[in-house]
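For the sequence shown, our numbering gives the first residue as 3, with consecutive numbering after it.
Glycine included, C-beta positions come from ideal geometry on N, C-alpha and C.
Remember, predicted model here, so these are calculated numbers, not experimental data.
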Amino acid sequence: MLLLADDLFCLAHDSVSMKRRLSDRVVRLGLAGALLGEQVLFRRITVGGGQLRVVDERPPPDGLAHTVMDYLRAERDVTSVRDWLLFLSRDAYQLVGQRLVREGYVRVEEVRRFLRVTTTYRPVELIRVGYPEARIGKRLRAGSDLELPDIVLAGLARATGLDAYLLKDTPPAARPFLRRLLAGLPGSLRGLIDETQAAIGDAVLNART
Numbered sequence: 003m004l005l006l007a008d009d010l011f012c013l014a015h016d017s018v019s020m021k022r023r024l025s026d027r028v029v030r031l032g033l034a035g036a037l038l039g040e041q042v043l044f045r046r047i048t049v050g051g052g053q054l055r056v057v058d059e060r061p062p063p064d065g066l067a068h069t070v071m072d073y074l075r076a077e078r079d080v081t082s083v084r085d086w087l088l089f090l091s092r093d094a095y096q097l098v099g100q101r102l103v104r105e106g107y108v109r110v111e112e113v114r115r116f117l118r119v120t121t122t123y124r125p126v127e128l129i130r131v132g133y134p135e136a137r138i139g140k141r142l143r144a145g146s147d148l149e150l151p152d153i154v155l156a157g158l159a160r161a162t163g164l165d166a167y168l169l170k171d172t173p174p175a176a177r178p179f180l181r182r183l184l185a186g187l188p189g190s191l192r193g194l195i196d197e198t199q200a201a202i203g204d205a206v207l208n209a210r211t
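Have a look at this one:
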């Protein structure tokens with residue numbers, strides 16, 4: 003089963019071409035938010051008022067999540083969610099991509115152009131990479147409840163602008179239904195999504211100035 007950041011990585015790419023649907027800065031911040039979201043879902047941290055707090059230092063049951071927890075434990079004085087989003091966004095894309103490679107969902111492909119080598123990811127099975135989008139889209143079309151991690155994924159999709167893909171071909175009632183689901187999230191998860199959206203908004207604004 004894919005974790006939150008894996009699902010967001012898949013949603014941030016076309017499942018056939020693996021072309022990114024977001025700018026580099028936005029996708030990295032979104033994945034950073036998802037990596038922190040995994041810590042909340044593992045009940046290792048809480049978020050509130052723009053600050054995070056480690057409440058359980060036990061290593062999460064995943065290698066990358068374990069690494070993120072090591073960062074949080076090593077820098078206990080840094081509690082700003084925004085600072086952690088900026089820090090994790092530096093390597094989030096590569097780290098989540100590598101986790102998907104290890105899990106067998108994607109493979110690495112290097113493309114050489116004009117003496118430069120660019121690393122891209124290609125799906126091993128199209129249906130597996132496209133599953134997060136299909137899974138949530140189907141439930142939104144039917145008005146069915148979503149599992150907690152999928153509500154968080156939908157919230158991060160909204161923060162990054164990827165919710166358009168989840169809401170594609172859904173009835174008009176799907177959008178307010180999703181808003182109600184997001185409003186019902188626990189405070190830590192709502193706070194994390196809000197902080198991620200604010201960080202993305204700042205990054206987009208700064209890119210235009």
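Contact between the region 6 to 17 and the region 37 to 48 (3+ Cβ pairs under 8 Å)
Verdict: yes, contact present.
If you pair each beta-carbon of the region 46 to 63 with each one of the region 203 to 210, do three or more pairs fall below 8 Å?
By the Cβ criterion, the region 46 to 63 is not in contact with the region 203 to 210, since fewer than three pairs of Cβ atoms, one from each stretch, lie closer than 8 Å.
Using beta-carbon positions only, say whether Ala2 and Ile195 come within less than 7 Å of one another.
Residue 2 falls outside the range modelled here, since the chain spans only 3 to 211, and no answer is possible.
Taking the beta strand (DSSP E) that Leu148 belongs to, which residues open and close that run?
Where Leu148 is concerned, there is no enclosing beta strand (DSSP E), given that its DSSP letter is neither H nor E.
Can you tell me where the alpha helix (DSSP H) with Thr198 in it begins and where it stops?
Segment Gly189 to Arg210, the alpha helix (DSSP H) holding Thr198.
What runs of the alpha helix (DSSP H), each 4 residues or longer, lie entirely inside the region 91 to 159?
Correct list: 94 to 104, 128 to 131 and 133 to 144.
In whole angstroms, give me the CA-to-CA distance for Arg143 and Leu128.
If I take the Cα positions, the gap works out to 22 Å.
N- and C-terminal bounds of the alpha helix (DSSP H) containing Gly32
Per DSSP, Gly32 belongs to the alpha helix (DSSP H) from Asp26 to Leu43.
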